[in-house]
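**Student:** Before I ask anything, here is the structure I am working with.
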Amino acid sequence: MTALAFPSPQGIPRNISPEEWSVRVNLAAFYRLAAIYQWDDLIFTHISARVPGKEEHFLINPYGLMFEEITASSLVKIDLDGNLVEENDYGINYAGFVIHSAIHAARPDALYIAHFHSADGVAVSAQAGGLLPLNQRALAIIPSLAYHDYEGIALNLDERSRLIADLGDNNYFLLRNHGTLALGASPGAAWTRIYSLESACTAQVRTLSIGRDKVLIAPDAAQEEVRQQINRTRKPVEGSKSAYELAWEASLRKAARHSPGFDR
Numbered sequence: 065m066t067a068l069a070f071p072s073p074q075g076i077p078r079n080i081s082p083e084e085w086s087v088r089v090n091l092a093a094f095y096r097l098a099a100i101y102q103w104d105d106l107i108f109t110h111i112s113a114r115v116p117g118k119e120e121h122f123l124i125n126p127y128g129l130m131f132e133e134i135t136a137s138s139l140v141k142i143d144l145d146g147n148l149v150e151e152n153d154y155g156i157n158y159a160g161f162v163i164h165s166a167i168h169a170a171r172p173d174a175l176y177i178a179h180f181h182s183a184d185g186v187a188v189s190a191q192a193g194g195l196l197p198l199n200q201r202a203l204a205i206i207p208s209l210a211y212h213d214y215e216g217i218a219l220n221l222d223e224r225s226r227l228i229a230d231l232g233d234n235n236y237f238l239l240r241n242h243g244t245l246a247l248g249a250s251p252g253a254a255w256t257r258i259y260s261l262e263s264a265c266t267a268q269v270r271t272l273s274i275g276r277d278k279v280l281i282a283p284d285a286a287q288e289e290v291r292q293q294i295n296r297t298r299k300p301v302e303g304s305k306s307a308y309e310l311a312w313e314a315s316l317r318k319a320a321r322h323s324p325g326f327d328r
């Protein structure tokens, strides 16, 4: 199977470049996938993407649409100060701007950022031990997982410096008493990471439901082996696609089957 084809330039609005339209389609699909997997939260959480080009602009959801309604053309373009680059009927969620603008500004590799309030993600974010080494998925995440203590609803701009200091160069983030976050240099990287983090949180909640005393923690030697394995540079065979690319193409097909219309 091949990847979905994006609309031809003739079908793209005149004020949007083909490069930006491609990002918009990917981001809209990301929202639809979050809804399919039930990681949306009415209108109250966010996924963003950096707009290609010299300007420091990024795209985020219009504040008022559910994830299953979002399309490529409905996404809101803003700058790092929260100003709307183009008029929009809905505006944006300010807390989303605070969190996403901080990371986009500080991490050039954060082209896509996903932040969810799922029940299991919030549950693990409120556990003192955070994400525990209970399963293979968690073991692969923990070496690149950071934590940020809860300071209240993210409405204060001065929290951005502390968010960035806590995130560092990690790709996974647990916002204490709040939720999950993952980022990537491609939609596939960000989607695979947030999928893995959410899945690891769900596995932990289910595992701990039997009580902590009966739970097996992965052996230290196995934890170290996984750290070494994920730190090794593994390049795909020349001409082949990365796991992130393959997973994203498969996910795009799923979005098209279950929630068509995101590419409008």
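For the sequence shown, counting from 1, position 61 maps to 125 in the numbering used here; every step adds exactly one. In this text, a Cβ means the ideal position worked out from N, Cα and C, and glycines have one as well. All of these numbers come straight from a predicted model, not from anything done at the bench.
(1) Can you grab the Cα-Cα spacing for the pair GLU133 / ASP105, in whole Å?
(2) Check for me: the beta strand (DSSP E) holding TYR211 runs from which residue to which?
(3) Is it true that the region 184-204 meets the region 268-277, where meeting means three or more beta-carbon pairs spaced less than 8 angstroms apart?
(4) Starting from the Cα of ASN241, find the closest Cα among GLY194, LYS278 and ILE80 and give me that residue.
(5) Closer than 7 angstroms by C-beta to TRP103: which residues in its own chain qualify, once you throw out the five before and the five after it? Chain order, please.
(6) If you count every other CB in all the chains shown that lies within 10 Å of the CB of GLU84, and 16 or more means buried, which is it?
(7) Comparing alpha-carbon positions, which option in SER86, ARG296, LYS278 and TYR259 lies nearest ILE100?
(8) Tell me where the alpha helix (DSSP H) around PHE180 begins and ends.
(9) Just list the residues that DSSP pairs LEU238 with in beta bridges.
(10) What are the boundary residues of the alpha helix (DSSP H) that LEU261 is part of?
(11) Can you tell me which of the three DSSP states LYS278 falls into?
(12) For ARG328 and LEU280, I'd like the C-alpha separation in whole angstroms.
(13) How many angstroms separate the CA atom of TRP312 from the CA atom of SER225?
(14) Looking at the unbroken alpha helix (DSSP H) that takes in SER165, where does it start and where does it end?
(15) If you draw a straight line from the C-alpha of GLU120 to the C-alpha of LEU198, how long is it?
(16) Out of LEU247, VAL89, ASP143 and ARG257, which has the shortest C-alpha to C-alpha gap to LYS118?
(17) Is ALA307 buried or exposed, if buried means 16 or more other CB atoms sit within 10 Å of its CB?
(18) Would you call the CB atoms of GLY275 and ALA174 closer than 9 angstroms?
(19) Taking the Cβ atom as the reference point for each residue, do THR135 and ALA204 lie within a distance shorter than 9 angstroms?
**Tutor:** Per the coordinate set shown:
(1) Counting from 1 along the sequence shown, the entry for residue 133 is found at position 69. Counting from 1 along the sequence shown, the entry for residue 105 is found at position 41. Those two C-alpha atoms are separated by around 13 angstroms.
(2) Within the sequence shown, the letter at position 147 stands for residue 211. Looking at the DSSP string, the run of the beta strand (DSSP E) that includes TYR211 is 209-212.
(3) yes
(4) As a first step, residue 241 must be located in the sequence shown, where it is residue number 177. With distances taken between Cα atoms, ASN241 lies closest to GLY194.
(5) For this step, residue 103 is matched to residue 39 along the sequence shown. Excluding residues within five positions, the ones whose Cβ falls inside 7 angstroms are PHE180, SER182 and GLU262.
(6) By 1-based counting over the sequence shown, the position of residue 84 is 20. By the 10 Å Cβ count, GLU84 comes out buried.
(7) Stepping through the sequence shown from its first residue, residue 100 is reached at position 36. For the residues SER86, ARG296, LYS278 and TYR259, the minimum Cα distance to ILE100 belongs to TYR259.
(8) Working through the sequence shown from its first residue, we reach residue 180 at position 116. Taken as a continuous stretch (DSSP letters only), PHE180 belongs to no alpha helix (DSSP H), being part of the beta strand (DSSP E) at 176-180.
(9) For the purposes of this step, residue 238 is identified with residue 174 of the sequence shown, where counting begins at 1. Per DSSP, TYR211 and THR244.
(10) Counting from 1 along the sequence shown, the entry for residue 261 is found at position 197. Counting along the chain, the alpha helix (DSSP H) containing LEU261 begins and ends at 251-272.
(11) In the sequence shown, the residue the question calls residue 278 occupies position 214. LYS278: helix per DSSP, three-state reduction.
(12) As a working note, residue 328 is residue 264 in the sequence shown. As a working note, residue 280 is residue 216 in the sequence shown. Straight-line Cα distance between these residues: approximately 48 angstroms.
(13) Reading the sequence shown from its first residue, position 248 is the one you call residue 312. Reading the sequence shown from its first residue, position 161 is the one you call residue 225. In a straight line, the C-alpha of TRP312 is about 31 angstroms away from that of SER225.
(14) Within the sequence shown, numbered from 1, the residue matching residue 165 stands at position 101. SER165 -> alpha helix (DSSP H) spans 158-170.
(15) By one-based count along the sequence shown, residue 120 stands at place 56. By one-based count along the sequence shown, residue 198 stands at place 134. Answer to the nearest angstrom: the Cα atoms are 40 angstroms apart.
(16) Position 54 of the sequence shown, counted from the start, is the residue given in the question as residue 118. Comparing Cα positions, the closest option is ASP143.
(17) For this step, residue 307 is matched to residue 243 along the sequence shown. Result: exposed.
(18) The residue labelled residue 275 in the question sits at position 211 within the sequence shown. The residue labelled residue 174 in the question sits at position 110 within the sequence shown. Cβ atoms of GLY275 and ALA174: not closer than 9 angstroms.
(19) Locating residue 135 in the sequence shown gives position 71, where the first residue counts as 1. Locating residue 204 in the sequence shown gives position 140, where the first residue counts as 1. Cβ distance not < 9 angstroms, so THR135 and ALA204 don't count as in contact.
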